[in-house]
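Just so we're on the same page, this note's numbering is the position in the sequence shown counted from 1, plus 24. The beta-carbon is built from N, C-alpha and C at its ideal position, and this holds for glycine as well. First the structure, in the form of structure tokens, and then the observations on it.
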Amino acid sequence: MENILIVLSILILGSALGGTQLPKLPGAILSLGALVLALFNSHARDNMMAVFFIIPVVLVVIGVATYLAEKKLVTEGDNASKNTKLMGGSIFQVIFIFIVTIYFVSTFFFPHFS
Numbered sequence: 025m026e027n028i029l030i031v032l033s034i035l036i037l038g039s040a041l042g043g044t045q046l047p048k049l050p051g052a053i054l055s056l057g058a059l060v061l062a063l064f065n066s067h068a069r070d071n072m073m074a075v076f077f078i079i080p081v082v083l084v085v086i087g088v089a090t091y092l093a094e095k096k097l098v099t100e101g102d103n104a105s106k107n108t109k110l111m112g113g114s115i116f117q118v119i120f121i122f123i124v125t126i127y128f129v130s131t132f133f134f135p136h137f138s
């Protein structure tokens, strides 16, 4: 069962990176689904809680802020603030997805706490 979770999480991250996600669900939020699935894997959960437990919380906050900035950017357009344009932009989302991917791979495959 745990191997299936790893495969599903990798597929979610691949979909987020490839841009094949649902139109209403941006890649930043979709990539957080991999972290949710990682909580069901005992090894990854132990790693998250041992050393880097604050990192998933920070990633969730940034992911939700990115989603809200993207929604705000759509409604305000060119009148949006510089911070909103930065967080709602595609470059920021790609960097965020890469950070989530690196953290995800480290929790599954590199044991911090064993």
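Beta-carbon proximity of residue i to residue j, cut-off 7 Å
{"i": "V124", "j": "S55", "result": "yes"}
{"i": "L97", "j": "P80", "result": "no"}
{"i": "N108", "j": "M72", "result": "The amino acid at residue 108 is misidentified as Asn; the sequence shows Thr. Not a contact, by the Cβ cut-off of 7 Å."}
Contacts around residue i, its chain only, beta-carbon distance under 8 Å, and the 5 residues preceding and following it disregarded
{"i": "K106", "result": "none"}
Environment of residue i [buried if 16+ CB atoms lie within 10 Å]
{"i": "S33", "result": "buried"}
{"i": "G101", "result": "exposed"}
{"i": "T99", "result": "exposed"}
{"i": "F133", "result": "exposed"}
7 Å CB neighbourhood of residue i in its chain, flanking five on each side removed
{"i": "L110", "result": "F116"}
{"i": "S138", "result": "Residue confidence for S138 is low, a pLDDT of 44 falling below 50, so the modelled location carries little weight; the figure read from the coordinates is stated next. Taken in chain order, the list of residues that qualify is empty."}
CB-CB length for residue i against residue j, believed under 8 Å
{"i": "T90", "j": "G57", "result": "That pair is no contact at about 14 Å."}
{"i": "Y127", "j": "L61", "result": "Between L61 and Y127 the Cβ distance is about 13 Å, and since that is not below 8 Å, they are no contact."}
Below-7 Å beta-carbon distance, residue i vs any chain D residue
{"i": "A93", "result": "Annotation note: the requested chain D is absent from the structure, which comprises a single protein chain."}
Close beta carbons around residue i, own chain, < 6 Å, minus the five adjacent residues each side
{"i": "A68", "result": "A62, T131 and F132"}
Inside the stretch 59-129 only - beta strand (DSSP E) runs reaching at least 3 residues: As summarised for the stretch 59-129, there are no continuous beta strand (DSSP E) elements at least 3 residues long confined to that stretch.
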